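What follows is a short report on a single structure.
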Amino acid sequence: MEIFEYAPAPESRSIVTIRPSYDLFIDGEFVAAKSDERIVTVNPADEEPLSEVAAAGEADVDRAFTAARRAFERVWSPMPGAERGKYLFRIARIIQERARELAVLESLDNGKPIKETRDIDLPLVAAHFFYYAGWADKLAHAGFGTRPLGVAAQVIPWNFPLLMLAWKVAPALATGNTVVLKPAETTPLTALAFAEICQEAGLPPGVVNIVTGAGDTGRAVVAHPGADKVAFTGSTDVGREIARAVAGTGKRLTLELGGKGANIVYDDAAIDQAVEGIVSGIFFNQGHVCCAGSRLLVQESIAEELLAKLRARIERLRLGDPLDKNTDIGAVNSAAQLARIRELAAAGEAEGATGWSPACPLPERGYWFRPTVFTGVTQAHRIAREEIFGPVLSVLTFRTPEEAVAKANNTPYGLSAGVWTEKGSLMLWTASRLRAGVVWSNTFNVFDPASPFGGYKESGYGREGGRHGLEAYLG
Amino acid sequence: MPDTIPGSLRAYLHGLPGVDEVGVRKRAADLATRSIKTTAKRAALDLAIRMVDLTTLEGADTPGKVRALAAKAMRPDPSDATAPPVAALCVYPDMVAVAAEALAGSGVGLASVATGFPSGRTSLEVKLADTAAAVAAGATEIDMVIDRGAFLAGDHGKVFDEITAVKERCGEAHLKVILETGELVTYDNVRRASWLAMHAGADFIKTSTGKVAPAATLPVTLIMLEAVRDYRAATGRQVGVKPAGGIRTAKDAIRYLVLVKEIAGDDWLDPAWFRLGASTLLNDLLMQRTKLSTGHYSGPDYYTID
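Residue numbers (our numbering), protein chains in the order written: chain G, 1 to 475; chain H, 1001 to 1306.
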């Protein structure tokens, strides 16, 4: 019997008002879509519908681009940078004021735990707007051109809905571009709340336009001839499709795609903190993280000890109601994603790896997957090569630093990596040889708006965040 | 019985895995966000009261002060008989006889600091005599200090030998070894000193004397909880942990219990294996306890100042 078991500590959802239905946000107003198609967005933790949103058709997308073009030419690009910065500062402050409401809404729509939306997503969203607000009047010192490109077509994923919006919208606006943004079909609600924030901040109409919808809407957005720039975060398959659609059009393109990050643990690592880093590397946001440390590369001499500690640590993870403040692992975002995770986990077993999960009970309704660790994985297994985008860790071992680097780089992706050693020279030696856009040193999945983020190889091109993130929006 | 460390003590202690400072602070800060409400809070408050080593370690301590504190230890809340007694009363060696008489038959433990507390800057003979006198006067627990100077000078053998010698003088009394982590400074040192003390025979490892700042902190306690967890896995022997100094509010105390639960595990959630060294904490625990059952706060004047 448990001596001191945590009682439920749910965050109240009464702070959020979700409308039964949402229109498109075009030219500063919510307007009914010309298309009749609607999309129902559900709470992945209990499969209950939250609201329904419009699925924008080509005519709707066209209207959004017309508004964005007008705003670009007449208001936003002629405006002095210092004035644009004021709007961005105002948006950042409103986000901070409404942080709790937005955190609850994000947890409801996405399924991620409230402690992540409250302590990570929302603070980073506000920080990103503050950071780029500061650049708005300093573009001449960034080392790139100072002219905006025009209208940016932006398509974002469901794993960090509001944070990915911030990564796209903040630099675009700071540099004088206007945007047409399509949020993911399973997580449109915080983007629509952001539309309200734009109204509250008095942002000139047409600077930000938000068109909800699924794949067809996304295709219409990136293919629209009025787009001067396309920015996409999502799967590598869709990224390829977009690259083909954009090829030869003269549109600028940045892609932030999949990953299969290696987390390298040397035998002299601070082992307890390495265990924490492995856990946050793969179980943060249920593993729905493009830069997740989904491949653990552990030096063979400490593998047994490390894995024993890792299993004991995973046993303590609390899976369940995303709105409970003590929940560590929330719900998988959608039935489709859950099916993909199950399919790949089954492939891991079928190919001869050994899966292990803690004995935690799963809620009856909703989309759930236990944290899972596969040992006996080889480089040839699908679970070592394909992005699972779920709470599934593949464990491989190595004998020497050369072998660690060779295995870490032996992937079509190159988004992130982590290195754990107490020896500074080995840290630098390893980091300089890893072909990954981000290399974390004795930590993992830590973000900062001042730091550029992006990938090598099939993980995409271009950088978001930091000074480098301005380049994608300046001519 | 102290076990023996194979080979060189220094090589052994420096062979322990390092501690990443940023990582351990982040983990402690994450666990501090656990939300403990309603039934969990009630269980935690009662458990925390039962884990308190109610402490008075002042130059101005008198028999009257010690007797008053003993009464409080046995019956912390005079207006509520359901409030449990604390784990132990903690005093200087010369007050042990007074305290023993006041606590007789109550079941509340009697801890005495010893070995030249708090600095420990005296000879081994004096330290052993100090210990023996406290035990003879009725102490059931001895809180010794390690020789931090010897530890920082690299003379681990001296620290080890002193602990084993004091342990021998303790006889039946439980030995708590105070590392004074505020003077060891680095987390690597805390981990090494923890393992050194456990191998030398400590029944408990304790953070601080309360006379040096910083005293107990969450990251330091986290490292010591990892040490006792890993030591039991390696040797089969369970050692207790006592953070002391600076724990003043019920909220602080509950954060420590969360650490115990999630780092060492439920086996340590017992006054036999975890203590909170404190003087002013008890009244806040009692106030929060009353608040939970009545729904409102009573003023501080409704709790005794002893």
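The beta carbon of each residue, even a glycine, is placed where N, CA and C say it ideally should be.
Quantities reported herein were computed from a predicted structural model and do not represent experimental measurements.
Can H/Gly1240 and H/Cys1090 be called in contact, C-beta distance under 8 Å? no
So, H/Thr1209 versus H/Ile1178, is the Cβ gap smaller than 8 Å? Contact check for H/Thr1209 against H/Ile1178 passes: the beta carbons are separated by less than 8 Å.
Taking CB distances under 8 Å as the criterion, tell me whether G/Gly259 reaches chain H. no
If contact is defined by three or more beta carbon pairs under 8 Å, each pair taking one atom from either stretch, is the stretch 1153-1163 of chain H in contact with the stretch 1198-1205 of chain H? yes
From the DSSP output, in three-state form, read off G/Tyr461 for me. Strand, per DSSP.
Find the nearest neighbour of G/Asp321 within the set G/Ala133, G/Asp46 and G/Ala99, judged by alpha-carbon distance. G/Asp46
Can you tell me which of the three DSSP states G/Gln379 falls into? coil
Counting only beta-carbon separations shorter than 8 Å, does G/Gly277 have a partner in chain H? yes
What do you reckon, are the CB atoms on G/Ala71 and G/Leu24 nearer than 8 Å? No, they are not a contact pair.
Would you call the CB atoms of G/Ala270 and H/Asp1020 closer than 8 Å? yes
Leaving out the 5 sequence neighbours to the left and right, which residues in its chain are closer than 6 Å to G/Ala33 when beta-carbon positions are compared? Leu24, Ala54, Ala56 and Asp60
Quick one: residues in its chain with C-beta nearer than 6 Å to the C-beta of G/Leu362, no 5 flanking neighbours on either side, listed in chain order? Trp368
Using only CA atoms, which one of G/Leu415, G/Met427, G/Leu428 and G/Trp420 lies nearest to G/Pro452? G/Leu415
Taking 8 Å as the cut-off, does the stretch 280-300 of chain G touch the stretch 249-269 of chain G (at least 3 CB pairs, one atom from each stretch)? yes
Report the residues of the stretch 284-303 of chain G with a CB closer than 8 Å to any CB of chain B, ordered along the chain. Going by chain labels, chain B is absent from the structure shown, which instead holds the protein chains G and H.
Does DSSP put G/Glu185 in a helix, a strand or coil? coil
As assigned by DSSP and simplified to three states, the class of G/His288: Note: G/His288 maps to coil in three-state DSSP.
Limits of the unbroken alpha helix (DSSP H) element including G/His482: What the structure shows of chain G is the stretch from 1 to 475, and residue 482 of chain G is not part of that stretch, so it cannot be assessed.
Looking at H/Val1228 and H/Ala1264, is the spacing between their C-beta atoms short of 8 Å? yes
9 Å Cβ cut-off: residues of chain G touching H/Leu1285: When 9 Å is used as the limit between beta carbons, H/Leu1285 is near no residue of chain G, the shortest such separation being about 14 Å.
Report the neighbours of G/Thr443 on chain H: residues whose CB is nearer than 9 Å to its CB, in chain order. Asp1020, Val1022, Gly1023 and Lys1026
Along the stretch 312-336 of chain G, where does the CB come closer than 7 Å to a CB of chain H? Name the residues. Arg316, Lys325 and Asn326
For G/Lys112, which residues in chain H fall below 8 Å Cβ to Cβ? What G/Lys112 touches in chain H: nothing, since even the nearest Cβ is about 15 Å away.
Beta-carbon of H/Thr1039 versus every beta-carbon of chain G: anything under 8 Å? yes
Bridge partners - G/Glu29, DSSP secondary structure assignment: G/Ile26
My assumption, with CB atoms under 8 Å, is that H/Val1145 sits in contact with H/Phe1151. Please give the rounded CB distance. That pair is no contact at about 11 Å.
Against chain H, with Cβ distances strictly below 8 Å, would G/Lys115 count as a contact? yes
Taking DSSP as the reference, what is the three-state secondary structure of H/Met1001? Bear in mind that the predicted position of H/Met1001 carries a pLDDT of just 36, short of 50, making it too unreliable to give a figure here.
Just verifying my parser: in three-state terms, what is the DSSP assignment at G/Leu165? helix
Neighbour list for G/Glu5 in chain H, Cβ cutoff strictly below 7 Å: Ala1040
Closer than 8 Å, Cβ to any Cβ of chain G: which residues of the stretch 1251-1279 of chain H, in chain order? Residues passing the 8 Å Cβ filter: Leu1257, Lys1261, Glu1262, Asp1266, Leu1269 and Asp1270.
Any C-beta of chain G sitting closer than 8 Å to the C-beta of H/Pro1017? yes
Just the chain H side, please: which residues come within less than 7 Å of G/Asp121 by C-beta, in chain order? Correct list: empty, because the minimum Cβ distance to chain H is about 15 Å.
Classification of H/Val1022 by the beta-carbon crowding that lies within 10 angstroms, buried from 16 upward: That one is exposed.
Partner residues on chain H for G/Glu422, Cβ-Cβ distance less than 7 Å: Gly1018
Quick one: give me the first and last residue of the alpha helix (DSSP H) that H/Ser1307 is part of. Outside the shown range of chain H (1001 to 1306) lies residue 1307 of chain H, about which nothing can therefore be said.
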